[in-house]
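According to my numbering, the sequence shown is numbered sequentially starting from 302.
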Amino acid sequence: MATQPEGKELSALRRRRRLRQVLGAVVCVLVVIGLFSVISGGIQLGAKLFDDSEEKESYELRLRNLVALDPTPFDSLDEANKNTLLNALIWSCIGDSSSHEHDETGAMYLPTIDIDKAAAELYGPDFKFTYETFEDHGMVFEYVAEKQAYLLPVTSAVNDYFPKVERIKREGNTKRVTVGYLSPFGAGGEFSANMDITPTKYQDYIFTKIDGEYYLSAIVASEMKPETASSSSVAANSVDAAPQEIMDDLANSLPADSTATESEVSQAPAE
Numbered sequence: 302m303a304t305q306p307e308g309k310e311l312s313a314l315r316r317r318r319r320l321r322q323v324l325g326a327v328v329c330v331l332v333v334i335g336l337f338s339v340i341s342g343g344i345q346l347g348a349k350l351f352d353d354s355e356e357k358e359s360y361e362l363r364l365r366n367l368v369a370l371d372p373t374p375f376d377s378l379d380e381a382n383k384n385t386l387l388n389a390l391i392w393s394c395i396g397d398s399s400s401h402e403h404d405e406t407g408a409m410y411l412p413t414i415d416i417d418k419a420a421a422e423l424y425g426p427d428f429k430f431t432y433e434t435f436e437d438h439g440m441v442f443e444y445v446a447e448k449q450a451y452l453l454p455v456t457s458a459v460n461d462y463f464p465k466v467e468r469i470k471r472e473g474n475t476k477r478v479t480v481g482y483l484s485p486f487g488a489g490g491e492f493s494a495n496m497d498i499t500p501t502k503y504q505d506y507i508f509t510k511i512d513g514e515y516y517l518s519a520i521v522a523s524e525m526k527p528e529t530a531s532s533s534s535v536a537a538n539s540v541d542a543a544p545q546e547i548m549d550d551l552a553n554s555l556p557a558d559s560t561a562t563e564s565e566v567s568q569a570p571a572e
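Here it is, written out as structure tokens:
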């Protein structure tokens, strides 16, 4: 039979053992929570690393006006159709036309300094245009030397295509941006408010890195090809219409004083 001092010692030993058990359980729980947090954080970080949706949207915005004109592919900017490159920049610079000067007919003057800024952002700081009157896609852009500006035609901008960036692939100091061409026109050339979301063709837009930034340097044929007719019909049935903001962009690409209607757009020839 244990004496009183021995009983107290055994009781204290049991309390210390229970305390160690509780502390051990708490430590185990904390370890599990910490491990879960690390795994969860790693998964979220991995998802962010592989999620390039924001970058795709950024390139769609940068290329919207150029893709709309369906430019002829080129291996370098020196070989590109300069009129089409300039045409795309002009429409991207319109913005709030109320802040620009207009002539007596309501046509807007677009300063070339605005075009220079847009050109540097898309084609690179070293790319320069020779400003003069030119024609592209059936429209004449008159250069007014004394104002150092273009007098824009009062007409609608015909958007043959809208861009949908499918993938972005880094290749050394370049990015290969594969762009799907979404058309607002039906097979018969008629304008459709319910645009098929299946691209009719693909092109690779090559961006070259210069001083830490990427600028368009070439447009080449893509290895990605349009879906077959059967798969396209499945896609069309799964989504009835293109996002409304795409159709809004078509209207917003017009000068503020333009009064072109949807029927006028549908009658405009697609280049």
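A virtual CB, placed ideally from N, CA and C, is assigned to each residue, including glycine.
- In the structure shown, Thr413 adopts helical secondary structure according to DSSP, grouped into three states.
- For a cut-off of 8 Å, the C-beta gap from Cys394 to Ala419 is around 5 Å, short enough to register as a contact.
- Closest in C-alpha terms to Val445, from the list Ala408, Lys476, Tyr462, Phe508, comes Ala408.
- The stretch 466-483 and the stretch 450-457 do not touch, with fewer than 3 CB-CB distances between them shorter than 8 Å.
- Here the alpha carbon of Arg365 sits roughly 10 Å from the alpha carbon of Val480.
- Taking the CA atoms as reference points, Tyr410 sits about 32 Å from Ile511.
- In the structure shown, Tyr503 adopts extended strand secondary structure according to DSSP, grouped into three states.
- Comparing alpha carbon positions, the residue from Thr509, Asp379, Phe463, Leu378 closest to Leu362 is Phe463.
- In this structure Pro426 does not touch Ile520 by the C-beta definition: roughly 20 Å separates them, more than the 8 Å allowed.
- Taking C-beta separations shorter than 7 Å and ignoring five residues to either side along the sequence, the partners of Arg477 in its chain run Lys470, Asp505, Ile507, following chain order.
- Closest by C-alpha distance to Phe430, out of Ile416, Glu402, Arg318, is Ile416.
- The three-state reading of DSSP puts Ala408 in coil, since its state is none of H, G, I, E or B.
- Rounded to whole angstroms, the gap between the alpha carbons of Glu355 and Ser400 is 30 Å.
- In the three-state reduction of the DSSP assignment, Gly481 falls in the strand class, which pools E and B.
- For Glu467, the three-state secondary structure derived from DSSP is strand.
- The bridge partners DSSP lists for Lys476 are Arg471, Phe508.
- Excluding its 5 nearest sequence neighbours in each direction, Lys357 has C-beta neighbours in its own chain below 7 Å: Val466, Ile469, listed in chain order.
- In the DSSP secondary-structure assignment, Ala369 is not bridged to any residue.
- Note on Ser359: under 16 other CB atoms within 10 angstroms of its CB, so exposed under the neighbour-count rule.
- By the Cβ-count criterion, Leu320 is exposed, with fewer than 16 other Cβ atoms from all chains shown falling within 10 Å of its own Cβ.
- In summary, Ser518 is buried, with 16 or more beta-carbon neighbours lying within 10 Å of its beta-carbon over all protein chains present.
- A straight-line Cα-Cα distance of about 44 Å links Ile498 and Ile334.
- For Ser518, the enclosing beta strand (DSSP E) begins and ends at 514-522.
- Of the candidates Asn388, Tyr432, Thr509, Glu436, the residue whose Cα lies closest to the Cα of Gly473 is Thr509.
- According to the DSSP assignment, Leu390 belongs to the alpha helix (DSSP H) that extends over 383-394.
- With fewer than 16 other beta carbons inside 10 angstroms of its own, Ala522 counts as exposed.
- Following the DSSP letters along the chain, one finds Leu452 inside the beta strand (DSSP E) bounded by residues 450-452.
- For Tyr444, the enclosing beta strand (DSSP E) begins and ends at 440-445.
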